[in-house]
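Numbering that gives the first Met the number 0 puts the sequence shown at residues 0 to 113. The beta-carbon is built from N, C-alpha and C at its ideal position, and this holds for glycine as well.
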Amino acid sequence: MKFIARLLVSAASIYIISYFMGGIMVTTIEATLMAAFILGLVNTFVKPLIVFFTLPLNIMTLGLFTFFINGIVLYATAAVVDGFYVSTLWDAVIGSILISITNMILSGMIGIKK
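Here it is as C-alpha coordinates:
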(Lines of atoms letter the chains of each structure in order from A and count residues from 1; the text may use other names and numbers.)
(Lines give C-alpha, C1' and ligand atoms only; values in the text may rest on other atoms or scores of the structure.)
Protein backbone atom coordinates (compact mmCIF):
# COMPACT_ATOMS: atom_id res chain seq x y z
CA MET A 1 0.00 0.00 0.00
CA LYS A 2 2.86 2.34 0.85
CA PHE A 3 4.45 1.65 -2.54
CA ILE A 4 1.26 2.65 -4.37
CA ALA A 5 0.92 5.82 -2.31
CA ARG A 6 4.53 6.80 -3.06
CA LEU A 7 4.03 6.00 -6.75
CA LEU A 8 0.93 8.22 -6.90
CA VAL A 9 2.72 11.05 -5.07
CA SER A 10 5.64 10.82 -7.52
CA ALA A 11 3.25 10.79 -10.47
CA ALA A 12 1.42 13.83 -9.08
CA SER A 13 4.73 15.64 -8.59
CA ILE A 14 5.80 14.92 -12.16
CA TYR A 15 2.42 16.06 -13.49
CA ILE A 16 2.44 19.28 -11.43
CA ILE A 17 5.96 20.23 -12.48
CA SER A 18 5.25 19.41 -16.14
CA TYR A 19 2.29 21.79 -15.95
CA PHE A 20 4.44 24.68 -14.73
CA MET A 21 7.71 23.98 -16.61
CA GLY A 22 7.86 24.43 -20.34
CA GLY A 23 10.81 22.06 -20.77
CA ILE A 24 9.02 19.04 -19.29
CA MET A 25 5.91 17.62 -20.93
CA VAL A 26 3.65 14.68 -20.13
CA THR A 27 0.99 13.72 -22.65
CA THR A 28 -1.13 11.19 -20.75
CA ILE A 29 -1.83 9.99 -17.23
CA GLU A 30 -0.44 6.58 -18.22
CA ALA A 31 2.84 8.21 -19.25
CA THR A 32 2.93 10.04 -15.91
CA LEU A 33 2.43 6.81 -13.96
CA MET A 34 4.99 4.97 -16.09
CA ALA A 35 7.52 7.78 -15.66
CA ALA A 36 7.01 7.71 -11.88
CA PHE A 37 7.41 3.93 -11.84
CA ILE A 38 10.57 3.92 -14.00
CA LEU A 39 12.02 6.86 -12.06
CA GLY A 40 11.43 4.98 -8.82
CA LEU A 41 13.14 1.86 -10.16
CA VAL A 42 16.12 3.78 -11.50
CA ASN A 43 16.46 5.78 -8.27
CA THR A 44 16.39 2.55 -6.27
CA PHE A 45 18.73 0.35 -8.30
CA VAL A 46 20.85 2.40 -10.72
CA LYS A 47 21.34 5.78 -9.05
CA PRO A 48 23.27 4.39 -6.03
CA LEU A 49 25.81 2.88 -8.44
CA ILE A 50 26.16 6.16 -10.31
CA VAL A 51 26.61 8.06 -7.04
CA PHE A 52 29.22 5.54 -5.89
CA PHE A 53 31.29 5.77 -9.06
CA THR A 54 31.10 9.58 -9.14
CA LEU A 55 31.87 9.97 -5.43
CA PRO A 56 35.20 11.82 -5.94
CA LEU A 57 33.50 14.34 -8.24
CA ASN A 58 30.62 14.65 -5.81
CA ILE A 59 33.04 15.34 -2.95
CA MET A 60 34.92 17.96 -4.99
CA THR A 61 31.65 19.78 -5.75
CA LEU A 62 30.45 19.49 -2.13
CA GLY A 63 27.48 17.37 -3.17
CA LEU A 64 26.23 19.64 -5.93
CA PHE A 65 26.99 17.01 -8.57
CA THR A 66 24.08 15.01 -7.12
CA PHE A 67 21.69 17.52 -8.72
CA PHE A 68 23.30 16.80 -12.08
CA ILE A 69 22.97 13.04 -11.49
CA ASN A 70 19.27 13.50 -10.67
CA GLY A 71 18.87 15.45 -13.92
CA ILE A 72 20.57 12.68 -15.90
CA VAL A 73 18.25 10.10 -14.30
CA LEU A 74 15.18 12.20 -15.20
CA TYR A 75 16.47 12.77 -18.74
CA ALA A 76 17.11 9.04 -19.19
CA THR A 77 13.63 8.25 -17.90
CA ALA A 78 12.16 10.61 -20.48
CA ALA A 79 14.13 8.81 -23.19
CA VAL A 80 12.56 5.48 -22.18
CA VAL A 81 8.95 6.49 -21.46
CA ASP A 82 6.79 7.31 -24.46
CA GLY A 83 4.70 10.40 -23.74
CA PHE A 84 7.15 11.89 -21.23
CA TYR A 85 9.47 14.49 -22.73
CA VAL A 86 12.30 16.62 -21.34
CA SER A 87 13.74 19.24 -23.71
CA THR A 88 17.27 19.71 -22.40
CA LEU A 89 19.52 18.37 -19.69
CA TRP A 90 19.25 21.67 -17.82
CA ASP A 91 15.45 21.37 -17.86
CA ALA A 92 15.95 17.89 -16.41
CA VAL A 93 18.23 19.20 -13.63
CA ILE A 94 15.84 22.00 -12.68
CA GLY A 95 12.85 19.68 -13.07
CA SER A 96 14.39 17.02 -10.85
CA ILE A 97 14.96 19.59 -8.10
CA LEU A 98 11.38 20.86 -8.38
CA ILE A 99 9.95 17.32 -8.53
CA SER A 100 11.88 16.40 -5.38
CA ILE A 101 10.59 19.47 -3.53
CA THR A 102 7.02 18.83 -4.68
CA ASN A 103 7.36 15.17 -3.72
CA MET A 104 8.47 16.13 -0.19
CA ILE A 105 5.61 18.61 0.21
CA LEU A 106 2.95 16.17 -1.01
CA SER A 107 4.36 13.30 1.05
CA GLY A 108 4.34 15.50 4.14
CA MET A 109 0.77 16.62 3.49
CA ILE A 110 -0.60 13.09 3.30
CA GLY A 111 1.75 11.61 5.89
CA ILE A 112 3.91 9.24 3.85
CA LYS A 113 7.19 8.48 5.60
CA LYS A 114 10.24 6.81 4.09
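Measuring C-alpha to C-alpha distances from residue 87 to each of 1, 7, 2 and 22 identifies 22 as the nearest.
Straight-line measurement puts the Cα of residue 109 at about 17 Å from the Cα of residue 13. Contact annotation: the stretch 27-46 touches the stretch 71-91, with at least three C-beta pairs closer than 8 Å.
In the DSSP assignment, residue 23 is bridged to 85. Following the DSSP letters along the chain, one finds residue 37 inside the alpha helix (DSSP H) bounded by residues 28-44.
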